[in-house]
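Everything below concerns the one structure shown next.
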Amino acid sequence: MTEINGPEGPEQPAGNTPDEAAVGPRRVVGTPPPAQARALLVRPEDEEKAPDRELPSEPDDLILAKKAEKLVASLFILAMLAGFGFIAAYIGLEVHSLDAVLRSNLALGLSMAVAFLALGAGAVIWVRHLMPEVELTEARKPLRSSPEDKAAFKETFTEGADASQFVKRPILRRTLIAATVPVAVAPIVLLRDMGPLPGTSLRHTAWRKGTRLVQAVTGVPVLATDFVTPGGILTVVPEGTLSDDEELAKSTVLLIKLRPEQLEKPTVMNWTVNGTVAYSKICTHLGCPAALYEQTTHHILCPCHQSTFDAARGAAVIFGPAARPLPQLPITTDSEGYLVAQSDFHEPVGPSFWERG
Amino acid sequence: MRWITARRRHPAAGYAVVLLMLVALGGGYAFLTGSGAAAAPVSGPSSATIAKGADLFARNCATCHGLDAQGTSVAPSLIGVGAAAVDFQVSTGRMPAKQNDAENARKPLAPDFAGEDGPANIRAVADYIQSLAGGPPIPTPAQVSTEGADVGRGQELFIENCAACHNFVGAGGALTYGKYAPALNQSTPAEIYEAMLTGPEAMPNFSDSTLTPQSKRDIIAYVTQKSSENNPGGFSLGRIGPVTEGLVAFLGILFAVILSAMWIVAKQHGKTTR
Amino acid sequence: MSIERGLEGVGTWLDDRFHGAKGLRTFFRKIFPDHWTFLLGEIALYSFVILLLTGTFLTFFFQPSMTSVTYHGSYVPLHGVRMSEAYASTLNISFDVRGGLLMRQIHHWAADLFMAAIFAHMLRIFFTGAYRKPREVNWLIGIVLLTLGLLEGLFGYSLPDDLLSGAGLRILEGVLQSIPVVGTYLAYFLFGGPFPGHDIVPRLYILHVLLIPGLILALVTAHLFIMFHQKHTQMPGPGRTDRNVVGAPMYPYFMAKTGAFFFFIFGVLALAATFAQINPVWLYGPYTPIAMSAGSQPDFYMGMLEGALRVMVPWEWNVAGHTFSFNVFLPALVPLGAIFTLAALWPFLEQWITGDRREHHVNDRPRNAPTRTALGIAVVTFYGILWAEGANDILADHFAVPLYLTTRIAQVTMFVGPVVAYFLTKRICLGLQRKDAHLLEHGVETGIIRQLPNGEYIEETRPVSEEKRAALVFRSKPPGLPSSGEEDENGVPAPEMRGALGKVRARLYNIVTESVELEPSHGNGHGDGHGNGHGADHAPAAVTSGEPTGTGSGTGEGDQHGP
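Chains as they are written, first to last, in numbering that gives the first Met the number 0: chain A, 0 to 356; chain B, 0 to 273; chain C, 0 to 562.
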């Protein structure tokens, strides 16, 4: 059996190309760097000991070290006090109100910060002024393995491959691979029940013929005669969906009051009520509520990516990444004068999707 | 003085001078620009006040809005806007406008409307405009009082109706073509009510028949609560979200940590040699 | 001594069981080179540790549930408001758990610092060429870690289910939905049905506290182990070569320094969590699909994607009943995807172009690799412009720039900017190289003015210090490529330089290795010093076909075919 070389094995250089054969020492112990090096302090009495030590035992400047020691010690004591302060603040300061939380956060955070920073600062001063400065050199072992090692590995590997019969018996190999295929695929299959199939749910909302438009949050239905001031807007949802988030994410509508003469094509006039027009609030770009409305320009602006729609012209896109206008909801008034939908939207609302058409 | 001149060549001297100048400039600017105060008018209209209002209107507003408030090419008609709109615009200093900007910002009040006579004068102009063709009147103190208001409901209403332009807590936001929705931290309850009611400039209006007075009071309670609320987590960084947080993460935290890294690895007898 | 007794006691006990003496000694004596830029990765590492610690605390109190509740806790302004349990528990942590707000804020600041440090670290690795052999795999691991970090952060800040992060989830859902063929299925499977559903927060929770941290932990371990095994790179300097590593040993120096750094990072984060409020979800309010706030942005590391979405033109195709939403999936996939792909391929691309397959353990100074640096800055510029566009409404508001103009500016500068940046950076690098050459040749100015007998004033110079000289002189010159014009005696170009690809490679080689020579040019030393780092520009060797009358139809020894 071939002897596998240990880490003390024969030296092969890293080299730029495999053929270079430079030889370097493995470890240069305590050698100062050339020219203006920060030399290791070697006092005459230590001369005899020097060859045995890799690291000097004392820093260069002992007076500075003494001062540094005092500084580091006081920093550590500060850290300790701050640490105790943290615990005291935790025990002593209550929360449960904005002011109390402010006090508590300030006390806990400050004491923690002081503790850690003092600890860190002390440790750094310790390293820099209390530990003797050294600069040592270590040779890099070549990353490439020696040819003997590589040959030995190849031998072991091929012997094992032979013994395993894996290469010599293709039927075994192929059937093994075939066996693992469903095992690999099964975890993906298991994810099927993570959600229902979309089906047609993206194409419809809760709006139906006669569904009343009610104000979001309050749930109060909207009388056409209440909503008459040009330049007014209102967020409305189908009656009964106030706490149905999934439906709200599709059905929310922006009700806008314009002067009738302001409305132009492609706004569908039959779907408006005396200058009041209803558009889906769900932006056709990525579904954020397009909730910004400028009265003077009658532009609807979505704050997410600045898609802009013209409310007087069928919510046509006039700027931004949205590719389609906001769908218009057909509205009318019912017998009591409340605003109601004539039907669902005539197209899917919200962001585009593959099956949208 | 010798202390300073002795250190004139200190490595940090340049930075110190720049810092000093920045502070002086910033402080001077802040000191010199004041902020306007809002007025709370009280008495009812009389023909005398209407006449005074017409007079003030002619002096301050007619150049842009027309002698009969009918509007010109640079300013809209004020017929029918109501006293509330006038009160809002003038008491926040937005009107009289000095320039034809995309947006009229809150600024110090014009001489006629500042000082002791200011509130009365504003009231007069408001009455005059109201007398032309009516419109939303100035809300009474009771109408804008937030006593008993539901701040939680105000939060929901504000988020649904107002946050898209004014941001979650009313820190303001950009609109198109140089317009913007201003921050609300300086707004009084009356101003907020009037703004909702009249829809100044690009802001849509919310009539009392749809956004009821109680809903409006809830919203006002929310806004004033947020303006006065402390920030338990430290400085608020503008309350505009992750943008300023990201800046602080890079320019503050990463920078500070890198400075400490430089200290840790610095050579002990530390002058770098060239 | 007590050290000796300790070693006798505990040390022997452990060694009896684990055979540790030799390995531990090697470990202790390992040399770590020192430069502050080497600590950038440590910032990310320790931020991650702090994330784990604070995150564990948070998991004890957070409820990953979207069940609707009405709030009546300590934060009075939200009394009576309907919200998810996740949001309510976040309010609970902030206002009803001592130290809760502090832990939340440290956690979020640490996440921001983690990502910022990864960016800084990645850029350092790139600009110093530390991704070169043998560290390509570590570079790839790093890119995967960056991606995992992005996802981890995104999922993490979406857990409280507040208005801001909920909007981000809505955008995520919209992006998924837009993917051709499988989009709606992916969206419905991730969200457990139509948006918002009740499943997304608990699912993101398990990804955020278990799956992704586990992956990150495993990859970080591999990342560190590889670095350890291959030894860290070092900056050029006296005595530093590709065959050694110069610095201080692990024990006790590096251990102490790295420990100190950990405390610094923790301390700075604690300071930030005390004085800088982050993610104040009580101000944002609970998520509702009917409302949105102005100035909504994701956390900064997602900002570039956000900017890409904003800058895109409205391009959509409707074909045969199907919709291709280019306006969505192009910005979502292409810019960041291109950058990551280019980054992943770059070490191999550079190897192919320069033919440099040597090991590199000494870092390049960025100026000594002008094309690489310029390319990197160009990519950073591209990234930065889209990143700024992500905050365009905030910038528009605060700097009084019209909103649409910001987008128009971004649409133009995202293409023009990188080109200009490339050009400028390359010129700057070459200029700095000239300055270095000048310094080496003429020495350092001392500030001592001397008057010559003829009245002229000169400034004395001294030669550059040894240390600096070593740093200036070090270059990793790429091996020359066989020139495409150079053909062997049979007229056949070198194999790797043949054909169109070979010509492309030759041209790229010239561009990538363009550099200023250090050797002073002959004469007055003020030559333009601008040489190309390759020696390929000489006339092709004369091709002899053996016959003086070579008309191409020569016979016999004239026609020599290559081997």
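Every residue gets a Cβ at the ideal spot worked out from N, C-alpha and C, and that includes glycine.
Source: prediction; values computed, not measured.
Nearest to residue 292(C) by alpha-carbon distance, out of 87(B), 127(B), 161(B), is 161(B). In the structure shown, residue 445(C) adopts extended strand secondary structure according to DSSP, grouped into three states. In this structure, the alpha-carbon of residue 67(C) lies about 4 angstroms from that of residue 83(C). For residue 315(A), DSSP records a beta bridge to 309(A). The alpha-carbon separation between residue 143(A) and residue 133(C) amounts to approximately 10 angstroms. Assigned with DSSP and collapsed to three states, residue 261(A) falls in helix.
Chain-ordered listing is empty here: chain C has no CB closer than 8 angstroms to the CB of residue 333(A), the nearest sitting near 23 angstroms.
Close CB contacts of residue 92(C) within its chain, under the 7 angstroms cut and outside five residues either way in sequence, are with 57, 60, 61, 99, 103 (chain order).
In its chain, beyond the 5 residues on either side, 392, 393, 396 have a beta carbon closer than 8 angstroms to the beta carbon of residue 294(C). For the 8 angstroms CB-CB criterion, residue 189(C) and residue 199(C) form a contact. Straight-line measurement puts the Cα of residue 19(B) at about 51 angstroms from the Cα of residue 353(C). Assigned with DSSP and collapsed to three states, residue 31(C) falls in strand. Taking 8 angstroms as the cut-off, the beta carbon of residue 253(A) is found closer than this to the beta carbon of residue 234(A).
The closest CA to that of residue 458(C), considering only 465(C), 35(C), 443(C), is found on 443(C). If you compare the alpha carbons of 328(A), 305(A), 197(A) with that of residue 193(C), the shortest gap goes to 197(A). Looking at the DSSP output, residue 85(A) bridges to nothing.
Beta-bridge pairing by DSSP links residue 241(B) to no other residue. Bounds of any alpha helix (DSSP H) do not take in residue 458(C); it lies within the beta strand (DSSP E) bounded by 456-461. Neighbours of residue 12(C) in chain A, taken as residues at a C-beta separation under 9 angstroms, are lacking, since the least C-beta distance is about 25 angstroms.
For residue 165(C), no Cβ of chain B is located within less than 8 angstroms of the residue's own Cβ. Scanning its chain for C-beta atoms nearer than 7 angstroms, with the 5 sequence neighbours on each side dropped, one finds around residue 390(C) the residues 296, 302, in chain order.
The beta carbon of residue 331(A) sits closer than 7 angstroms to the beta carbons of 272, 339, 341 from its chain, once the five residues preceding and following it are set aside; these are given in chain order. In summary, residue 139(B) is exposed, with fewer than 16 beta-carbon neighbours lying within 10 Å of its beta-carbon over all protein chains present.
A Cβ-Cβ contact shorter than 8 angstroms links residue 367(C) with residue 474(C). Taking the beta carbon of residue 273(A) as reference, no residue of chain B falls within 8 angstroms; the closest one sits roughly 15 angstroms away. Counting only the Cα atoms, residue 304(A) lies some 8 angstroms from residue 284(A). Listed along chain A is no residue with a C-beta nearer than 7 angstroms to that of residue 236(B); the closest approach is about 15 angstroms. Within the model, the alpha-carbon separation for residue 47(B) versus residue 169(C) is close to 58 angstroms. Secondary structure note for residue 181(A): its alpha helix (DSSP H) is the uninterrupted segment 169-188. Contact residues of the stretch 272-292 of chain A toward chain B are 288, 289, 290, 291, 292 (C-beta to C-beta distance below 9 angstroms). Of the candidates 409(C), 376(C), 441(C), 219(C), 409(C) places its Cα closest to the Cα of residue 309(C).
Around the C-beta of residue 266(B), fewer than 16 other C-beta atoms lie within 10 Å, and the residue is accordingly described as exposed.
Only residues of its own chain outside the window of five on either side were considered, and among them 64 have a CB closer than 8 angstroms to the CB of residue 75(B), listed in chain order. In this structure the stretch 295-303 of chain A does not lie against the stretch 178-186 of chain A, because fewer than three pairs of beta carbons, one per stretch, are closer than 8 angstroms.
Using beta-carbon distances, residue 55(A) does not count as an interface residue toward chain C, since no partner is under 8 angstroms.
For residue 322(A), same chain residues with a beta-carbon under 8 angstroms away, outside a window of 5 residues either side, are 283, 284, 316, 351 in chain order.
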